[in-house]
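**Student:** Take a look at the following structure, please.
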Amino acid sequence: TFPNGTYVAVVDVDRETGETKVRKFLAVDDCGPLINPQLVEGQVVGGLAQGFGQALEEAIVYDENGQLLTGSLMDYAVPKAGFLPRFETAHTVTESPVNPLGVKGVGEAGTTGSPPALVNAVLDALAPLGVKHVDMPMTSQRLWDAIQKAQTDDGKD
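Take the position in the sequence shown, starting the count at 1, then add 182; the result is the number in this note's numbering.
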């Protein structure tokens, strides 16, 4: 009935700056038979871009008085093509038994699968330093702060 998939990210995190470099990203989705493969690929890649933004950059920011600081797209970190890696995508086909075409949805697959794949890859990269958690978005500043904290107090609160 529902689409499913597997997403894997391979990343490097610069310990000096907190910058994340995505080396490889693989996405395998199963939405049943692909009626229009180009449309499916566009939906997956668009969803991946949205998920990358959510995981690594996008944030609504308010100041201490509740004033919105990200009030326009000039202030909000929308993912751009140069920010994204070349995605490797593939599809498996398991027909749904609940409709005559055997199809499933795919429109939100990339947005659902990419954030946890990226977060897990970043945390795995930082595990040797003692970093166990960083809230999304995992911006360079947040990662740098987590690295500094882990180095100065062994990550203890």
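Even glycine gets a Cβ: it sits at the ideal position worked out from N, Cα and C.
Straight-line CA distance for residue 330 to residue 323?
**Tutor:** So the alpha carbons of these two residues sit roughly 10 Å apart.
**Student:** May I have the straight-line CA-CA distance separating residue 306 from residue 257, to the nearest angstrom?
**Tutor:** Whole-angstrom Cα-Cα distance: 30 Å.
**Student:** Alpha carbon to alpha carbon, how far is residue 244 from residue 219? Give it in angstroms, no decimals.
**Tutor:** Distance between the alpha carbons of residue 219 and residue 244 is about 41 Å.
**Student:** Under the three-state reduction of DSSP, which class applies to residue 300: helix, strand or coil?
**Tutor:** DSSP places residue 300 in helix when its eight states are reduced to three.
**Student:** Does the beta-carbon distance from residue 228 to residue 292 come in below 8 Å?
**Tutor:** Cβ atoms of residue 228 and residue 292: closer than 8 Å.
**Student:** Quick check on the DSSP output: the beta strand (DSSP E) that includes residue 208 runs from which residue to which?
**Tutor:** It spans 202-212 - the beta strand (DSSP E) in which residue 208 sits, taken as one unbroken run.
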